[in-house]
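K.L.:
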Amino acid sequence: MSSSPTISPLWCRSRKKHVCLDVLQPHDITTLVSFTKKSMFVFGGYTGDIHSNSNLANKNDLFEYNFTTGQWSEWKFEGRMPVPRSAHGAAVYDGKLWIFAGYDGNARLNDMWSVSLLGDSRTWEEVPQRGDCPPTCCNFPVAVARDSMFVFSGQSGAKITNSLFQFHFKTKFWARISTEHILRGAPAPPTRRYGHTMVAFDRHLYVFGGTADNTLPNDLHCFDLDSQTWSIIQPSADSQVPSGRLFHAAAVVGDAMYVFGGTVDNNVRSREMFRFQFSCYPRCTLHDDFGRL
């Protein structure tokens with residue numbers, strides 16, 4: 001099969017259905033994860049006026065939103081807890097919520113905590129980490145696939161890189177994904193960035209948006225977990241590709257990725273929603289290959 005770029009009408013605008021949530025206390029730069037079809041969890045973030053940079057306070061509270069009842073509830077804990085933070089990463093695996101890194105108002109972090117979302121236990125546990133752990137960082141995405149959590153780039157001061165890290169939940173071991181394949185002529189990883197999103201679907205990780213060295217790229221990068229290689233998905237001319245943006249949201253629903261909002265050019269906040277159809281990728285190249293025979 002040919003390794004030529006993927007050309008498909010993969011992107012389109014999506015109609016939005018508005019849902020009003022009566023939140024107990026609004027937080028900015030927080031993390032939302034969905035545990036089941038019944039509940040969504042919100043951890044941390046900060047409150048205050050982000051525009052005037054006043055009264056900012058990081059939080060370490062955990063709220064659950066029940067989709068069935070439309071009600072919020074706050075979880076109460078005993079014992080040690082993660083320090084209040086924002087711009088962190090969060091994932092659900094094996095019935096637990098996992099929190100990694102972030103910013104506590106003074107410094108970036110790289111600690112990890114977990115809490116069971118099952119039963120009546122209300123205790124946080126700090127997770128021991130081994131291996132090649134990412135540097136302290138914030139404003140990065142995480143994605144879960146194959147019993148692992150993946151972290152790509154993010155804000156880490158002078159240490160910022162475009163490295164992809166893999167944390168294996170069962171062994172608590174970190175590994176930096178090798179880039180030796182670049183020497184074999186494969187496409188390079190995405191440039192370093194923060195404020196981007198990353199989702200997992202099938203055998204791929206998809207990275208979109210963020211800001212990279214004062215630019216707002218709108219390329220969609222794909223990492224193949226089998227071949228350990230990166231590629232850029234090139235949509236056809238009739239696709240409605242979202243403009244470059246950062247601090248947007250992305251989620252997988254069915255066989256599609258939805259991208260909502262974000263900050264675009266001139267610090268304008270977008271209310272647009274776009275859909276990327278996974279079923280159109282990878283494009284079959286059989287017809288093109290036969291044409292070359």
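Going by the UniProt record's numbering, the sequence shown wraps up at 293, each residue one higher than the last. Just so you know, even glycine gets a beta-carbon here, dropped at the ideal spot from N, CA and C.
#1: How about Gly44 and Ala101: are their beta carbons less than 9 Å apart?
#2: Find the nearest neighbour of Ser178 within the set Arg13, Trp230, Met149, judged by alpha-carbon distance.
#3: Could you tell me the distance, in whole angstroms, from the CA atom of Cys280 to the CA atom of Val252?
#4: Can you grab the Cα-Cα spacing for the pair Lys37 / Gly185, in whole Å?
#5: Mind reading off the beta-carbon distance from Asn110 to Pro135? Whole number of angstroms is fine, and I expect it under 8 Å.
#6: Relative to the C-alpha of Pro141, which residue among Gly209, Gln234, Asp49 is closest?
#7: Hey, is the region 156–176 in contact with the region 69–88, meaning 3+ C-beta pairs nearer than 8 Å?
#8: Go ahead and pull the three-state DSSP assignment for Cys138.
#9: What's the C-alpha gap between Tyr194 and Phe247?
#10: Val92 bridges to which residues according to DSSP?
#11: Enumerate in chain order the residues of its own chain whose CB-to-CB distance from His181 is below 7 Å, with the five nearest sequence positions on each side excluded.
#12: With 16 other CB atoms within 10 Å as the buried threshold, where does Pro9 fall?
#13: Alpha carbon to alpha carbon, how far is Gln129 from Trp174?
#14: Compute the Euclidean distance between the alpha carbons of Leu56 and Leu183, then round it to the nearest angstrom.
#15: Nearest to Arg203 by CA position, among Met273, Asn58, Arg146, is which residue?
#16: Quick test of your reading: Asp132 and Arg176, contact by CB under 8 Å. State the CB separation rounded to the nearest angstrom.
#17: In terms of alpha-carbon separation, which member of Tyr46, Gly262, Arg108, Leu118 lies closest to Trp75?
#18: Applying the criterion that 16 or more other CB atoms from any shown protein chain within 10 Å of the CB defines a buried residue, is Thr69 buried or exposed?
#19: Less than 8 Å between C-beta atoms, sequence neighbours within five positions excluded: which residues of the same chain meet that for Cys191?
#20: By DSSP's criteria, Arg247 is part of a beta bridge. Which residues make up the other side?
#21: Taking only beta-carbon atoms, is Gly262 less than 9 Å away from chain C?
#22: With 16 other CB atoms within 10 Å as the buried threshold, where does Ala188 fall?
#23: Compute the Euclidean distance between the alpha carbons of Val268 and Asp120, then round it to the nearest angstrom.
#24: Could you give the distance in angstroms between the alpha-carbon of Gly254 and the alpha-carbon of Arg275?
#25: Which residue comes first and which comes last in the beta strand (DSSP E) that contains Asn110?
#26: May I ask you to report which of helix, strand or coil DSSP gives Leu10?
#27: Using CA atoms only, rank isn't needed, just tell me which of Ser156, Pro82, Ala91 is closest to Ala107.
P.N.:
So, to answer that:
#1: no
#2: Trp230
#3: 15 Å
#4: 43 Å
#5: That belief holds up - the Cβ atoms of Asn110 and Pro135 are roughly 6 Å apart, short of 8 Å.
#6: Out of Gly209, Gln234, Asp49, Gly209 has the C-alpha closest to the C-alpha of Pro141.
#7: no
#8: strand
#9: 8 Å
#10: Note: Val92 sits in a beta bridge opposite Leu97.
#11: Taken in chain order, the residues that qualify are Gln228, Thr229.
#12: Confidence in Pro9 is poor, its pLDDT being 47 and thus under 50, which makes the residue's placement unreliable; the coordinate value appears in the next sentence. Result: exposed.
#13: 7 Å
#14: 46 Å
#15: Closest option to Arg203, Cα to Cα, is Arg146.
#16: Contact between Asp132 and Arg176 holds, with the beta-carbon distance rounding to 5 Å and staying under 8 Å.
#17: Leu118
#18: That one is exposed.
#19: Correcting the residue type first, residue 191 is Thr in the shown sequence and not Cys. The residues are Asn162, Ala212, Asp213, Pro217.
#20: Per the sequence presented here, residue 247 reads as Phe, with Arg not at that position. Phe247 pairs with nothing; no bridge assigned.
#21: The structure shown has no chain C; it contains just one protein chain.
#22: exposed
#23: 43 Å
#24: 11 Å
#25: Element bounds for Asn110: 108–116.
#26: DSSP places Leu10 in the coil class of the three-state scheme, outside both helix and strand.
#27: The shortest Cα separation from Ala107 among Ser156, Pro82, Ala91 belongs to Ser156.
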